[in-house]
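Chemist: For reference, the structure I am asking about is given below.
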Amino acid sequence: MADTDRLRTVDEHLAIVLGGIGSIDPIELTLLDAQGLLLAENVVTDVPLPGFDNSAMDGYAVRAVDTRAASSDNPLILPVVGDVVAGAKSRSGMGPGLAMRIMTGAPIPAGADAVIPLEETDQGVARVAIGRPVHTGECVRRAGEDLAAGAPALGAGAALGPQQLALLAAIGRDRVVVRPRPRVLVISTGSELIEVGHRPSFGEVTDSNSYLVASAAKDAGADARRLGIVPDDHSKLLDTLESQLLRADILITTGGVSMGAFDVVKQALSELGTVEFTRVAMQPGKPQGFGHLGDRIPIFCLPGNPVSALVSFEVFVRPAIRKLLGKRNLQRATVQAKALEGAQSVAGVRQYRRGLLHREANGGYSVSFVGGAGSHLIAAMAAANCLVVIGEDDTEVTAGSRVTVMPLLLANR
Ligand code: AMP
Ligand code: MG
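Following this line, the structure appears as structure tokens:
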């Protein structure tokens, strides 16, 4: 390849893309809407957890000191002077030498300092027999033992999963300030494209890229929408993009970025001067457009072949979405796997092949290729669960050698 050294490397292009991604102002969301997002405030609790001393068991509240001499041969019999239930509105009290029946989570009565579990007693109603000494504090959950009032609960940058949302609810926060999901708008370009649900006439192609890219963006954590199809028409494309600028944090187009006479995305956006079209040393996905429109809204112009669009998304767009979400690890994790078959690659380009990753009995991974290198192979793409990354310096993968694999597992699987 004569012009290899004029191509931009994948890493160079990724660095340029990430350098062009700013940040989005934090917003306040209710807890379930904040799931999966990163906290953008330091949360301090103004209530202790637990909120009051309460019983860890169903049992009898007692004064430990009263039970010192109790034994199975010589059980202590205490009068039971009442019940304390969870949700009791006021704190009950009891004098020395008495017991109260208490439920899990109910407030420890004033005067008591321990609970003996129900099953270790005769379960009496008017009187209870206790066959062993009860230790001070036994089966008592102390107010603030989990988190004291005034203590930090979660710090800015914390990822909000189920446990963190539970903590926020427990301390009485129903809304939190988070880094929002980037609003991603996806446009498919191409005069041959038709909407799904219509039988294509000769020469027509059903738009699949917008489903591919919008769902991949959602999987990466974005709030993604399809804007549908725009034909290869200069002014229709510019009008559509312009009408969406206030609604998007990232715009993505597919198609129209190659060298063809009708590659309208490239022609129309090049003229604006804020979107750069370049060739990256990768396969698929060589033609790439990236830049900004309007008030510095990032726009990715991905190539139209579905596999090219997927690979471009994974390599460039996913890290950009994750950067906007405030995540630390921007790139997909990779694993090393044993290639179960050989493959050829091209010197000077990083090749991303579709693969099927298997977990071996010994805990390692192996990988086979699915379909060929063709970037139009949608069914093969759907059968794959990973991309096999063949480096710029490798022209051949031999069966049995170790290769780098990028698993494409859904975030929530
Ligand atoms: P382009 O990048 O516009 O030259 O398109 C390259 C190839 O991808 C062509 O065969 C297109 O028909 C196909 N293609 C482009 N956009 C889409 C799309 N949204 N869905 C499915 N195939 C597409
Ligand atoms: Mg096209």
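Position 241 (the sequence shown) corresponds to 1237 in my numbering; numbering is contiguous. Beta carbons are placed, not taken as given, at the ideal position from N, Cα and C, and that holds for glycine. Just so you know, these numbers come straight off a predicted model, no measurement behind them.
(1) What's the C-alpha gap between L1033 and R1243?
(2) Quick check: what's the CA-CA separation for R1175 versus P1022?
(3) Since P1148 sits in a beta bridge, which residues does DSSP pair it with?
(4) Under 8 Å by Cβ, that's how I've got V1401 and V1331 pegged, so tell me the actual separation to the nearest angstrom.
(5) Could you check if A998 is buried or exposed, using at least 16 other CB atoms within 10 Å of its CB as the buried criterion?
(6) Alpha carbon to alpha carbon, how far is G1101 from L1161? Give it in angstroms, no decimals.
(7) Could you name the residues of the same chain whose beta carbon sits closer than 6 Å to that of Q1279, not counting the 5 residues immediately before and after it, in chain order?
(8) Do you know whose CA, among T1391, L1163 and H1288, lies nearest G1338's CA?
(9) Run the proximity test for D1229: is its beta-carbon closer than 7 Å to any non-hydrogen atom belonging to the ligand AMP?
(10) Would you kindly work out how many angstroms separate the C-alpha atoms of E1200 and A1316, rounded to a whole number?
(11) Contact between the region 1208-1216 and the region 1362-1370 is defined here as three or more beta-carbon pairs at a separation below 8 Å; is this criterion met?
(12) Using DSSP bridges, identify the partner residues of H1354.
(13) Along the chain, which unbroken stretches of the alpha helix (DSSP H) at least 4 residues long are found entirely within the region 1125-1208?
(14) Within 7 Å: the Cβ of P1196 and any heavy atom of the ligand AMP?
(15) Quick one: measure Cβ to Cβ for E1112 and V1061, integer angstroms, because I've assumed they're closer than 8 Å.
(16) Considering only DSSP beta bridges, list what R1275 is partnered with.
Modeler: Answer, in terms of the structure:
(1) 20 Å
(2) 5 Å
(3) V1040
(4) 5 Å
(5) Any reading at A998 must be qualified, since the residue scores a pLDDT of 45, below 50, and its modelled position is unreliable; the value itself is stated next. Label assigned to A998: exposed.
(6) 21 Å
(7) V1345 and Q1347
(8) For the residues T1391, L1163 and H1288, the minimum Cα distance to G1338 belongs to T1391.
(9) no
(10) C-alpha separation (whole angstroms): 32 Å.
(11) Judged by Cβ distances under 8 Å, the region 1208-1216 makes no contact with the region 1362-1370, as fewer than three pairs qualify.
(12) S1362
(13) Correct list: 1158-1166.
(14) No, the Cβ of P1196 stays beyond 7 Å of every heavy atom of the ligand AMP.
(15) Residue 1112 is actually Ile in this sequence, not Glu. That belief does not hold up - the Cβ atoms of I1112 and V1061 are roughly 14 Å apart, past 8 Å.
(16) P1283
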